[in-house]
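In my numbering, the protein residues as written are 800 to 1116.
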């Protein structure tokens, strides 16, 4: 209302040096009556009784009287919202640890609720975080939030281990994440094998993918969590430290990716599926297959399969 009508009227009054008190435009029912009344209530016009005119007032005089209380009110609301957030945070933590919240062994999460739930349970962690991230790139938009969340946990003394696929070593986003968390004590390793996303908090809550793309499952059943942790530990033992740049290790990683590609071809997986299981793009996967053709001196995939079969190559040598 103010910007749409009152501002234009004020600018007109400034240009005209005011307006007669009996001007039809500002009288009851006039075309500018509502806008003029708003200016008068705010103190942006004053009556010059001697001249019989309404004249504009310097806005800087009025601003401090109008804006300052709003700023003070805003600061009070921010402080109050912080107090409410702290209070509800304590209530939420108490709820998540209560028998009522733990009544069921599984909880289905969907959409934005997944990220908020992960943030909540990680903030409640008191001992350990285990995470497995099969994709090569963590979502760039979520990266700062993940770094802030997990660095805060590490600084509370939480032990954290993260597992990626070998392809993550070429990811800029993953490298930024690793560079941020490893100085704080996190351990990061990579593995050639395909695995699903997994988060385990204090070995009491596990979060795994749901059947649908935008869903996840929070697991609180102790036996199932122990089983998931055992799978993680076995994978961890076979994995290689992310920060290791020694030539033999790099060569071994390349050999493991080559073997995984061979297993994908022998298993009859499509290129998109094989690329996904290696954690690389279809173009990179096609490059791996091309290198195998050159290695076995063949021109087609059919010839490649025949030659590998003839030599007894299984990808598990």
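Using N, Cα and C, we set each Cβ at its ideal position, and we do this for glycine too.
Taking the alpha-carbon positions, what's the residue 1039 to residue 988 distance?
The alpha-carbon atoms of residue 1039 and residue 988 are separated by roughly 5 Å.
For the segment 1004-1037, list the alpha helix (DSSP H) runs that are entirely contained and at least 4 residues long, ordered along the chain.
Along the length of the segment 1004-1037, whole alpha helix (DSSP H) runs at least 4 residues long occupy 1021-1037, reported in chain order.
Which residues DSSP lists as bridging residue 858, in chain order:
Paired residues: none, contrary to the question.
Inspect the CB distances between the segment 1029-1038 and the segment 1008-1015 and report whether three or more fall short of 8 Å.
With contact defined as three or more Cβ pairs closer than 8 Å, the segment 1029-1038 and the segment 1008-1015 are not in contact.
Could you check the C-alpha separation between residue 986 and residue 1025 for me, to the nearest Å?
Their backbone Cα atoms lie some 21 Å apart in a straight line.
Just to confirm, are residue 1068 and residue 1076 a CB contact at a threshold of 9 Å?
For residue 1068 and residue 1076, yes; Cβs fall inside 9 Å.
Looking only at its own chain, which residues have a Cβ that is under 7 Å from the Cβ of residue 960, when we skip the five neighbours before and after it?
Excluding residues within five positions, the ones whose Cβ falls inside 7 Å are 929, 986, 1035.
Should residue 1102 go down as buried or exposed, given a rule of 16 or more other Cβ atoms within 10 Å for buried?
Counting Cβ neighbours within 10 Å, residue 1102 comes out exposed, since fewer than 16 surround it.
For residue 966, which residues in the same chain have their Cβ closer than 7 Å to its Cβ, ignoring the five residues on either side in sequence?
Excluding residues within five positions, the ones whose Cβ falls inside 7 Å are 935, 1077, 1078, 1079.
Going by the beta-carbon positions, is the gap between residue 920 and residue 1017 smaller than 9 Å?
Taking C-beta atoms as the reference points, residue 920 and residue 1017 count as a pair closer than 9 Å.
For a test of the three-state rule: what should DSSP assign to residue 813, helix, strand or coil?
Secondary structure at residue 813: helix, using DSSP grouped into helix, strand and coil.
Candidates 826, 883, 829, 838: which alpha carbon is nearest residue 810's?
When 826, 883, 829, 838 are compared, the shortest CA-CA separation from residue 810 is found for 838.
State the start and end residues of the unbroken alpha helix (DSSP H) segment that holds residue 980.
Secondary structure note for residue 980: its alpha helix (DSSP H) is the uninterrupted segment 971-980.
Residue range of the beta strand (DSSP E) that residue 915 falls in?
Segment 911-922 is the alpha helix (DSSP H) holding residue 915; no beta strand (DSSP E) there.
Which same chain residues, not among the five before or five after residue 1002, have their C-beta less than 7 Å away from its C-beta?
These residues qualify, in order along the chain: 927, 1024, 1028.
Could you tell me the distance, in whole angstroms, from the CA atom of residue 999 to the CA atom of residue 886?
Distance between the alpha carbons of residue 999 and residue 886 is about 26 Å.
Using a Cβ-Cβ cutoff of less than 6 Å, which residues in the same chain neighbour residue 819 once the five nearest sequence positions on both sides are dropped?
Non-local C-beta neighbours of residue 819 in its own chain, meaning closer than 6 Å and more than five positions away in sequence, comprise 852, ordered along the chain.
Determine the closest residue to residue 1014 out of 865, 825, 1065, 907, with distance taken between C-alpha atoms.
Taking only the C-alpha atoms, the option nearest residue 1014 is 907.
Could you check the C-alpha separation between residue 1070 and residue 976 for me, to the nearest Å?
Between residue 1070 and residue 976, the C-alpha separation is close to 29 Å.
Thinking just about the alpha-carbon of each residue, which of 1115, 1020, 1094, 1082 is nearest to the one in residue 1065?
When each option's Cα is compared against that of residue 1065, the closest is 1115.
Top-ranked residue by Cα proximity to residue 991, from 868, 943, 962:
The option with the nearest alpha carbon to residue 991 is 962.
On a CA-only basis, which of 825, 817, 932, 860 is nearest residue 996? Give me that one, please.
Of the listed residues, the one whose Cα sits closest to residue 996 is 932.
Bounding residues of the beta strand (DSSP E) (the contiguous stretch that carries residue 820):
Here residue 820 belongs to no beta strand (DSSP E), and DSSP marks it neither H nor E.
With DSSP collapsed to three states, give me the class of residue 1101.
Note: residue 1101 maps to helix in three-state DSSP.
Buried versus exposed call for residue 899 [16 or more other C-beta atoms within 10 Å across all chains shown]:
Because residue 899 carries a pLDDT of 45, less than 50, the predicted location of this residue cannot be relied on, and the following value inherits that uncertainty. Exposed is the call here.
Using the Cβ count rule (16 or more neighbours within 10 Å means buried), how would you classify residue 869?
Residue environment analysis places residue 869 among the exposed positions, since fewer than 16 neighbouring C-beta atoms fall within 10 angstroms of its C-beta.
Identified DSSP bridge partners for residue 847
Beta-bridge pairing links residue 847 to 852.
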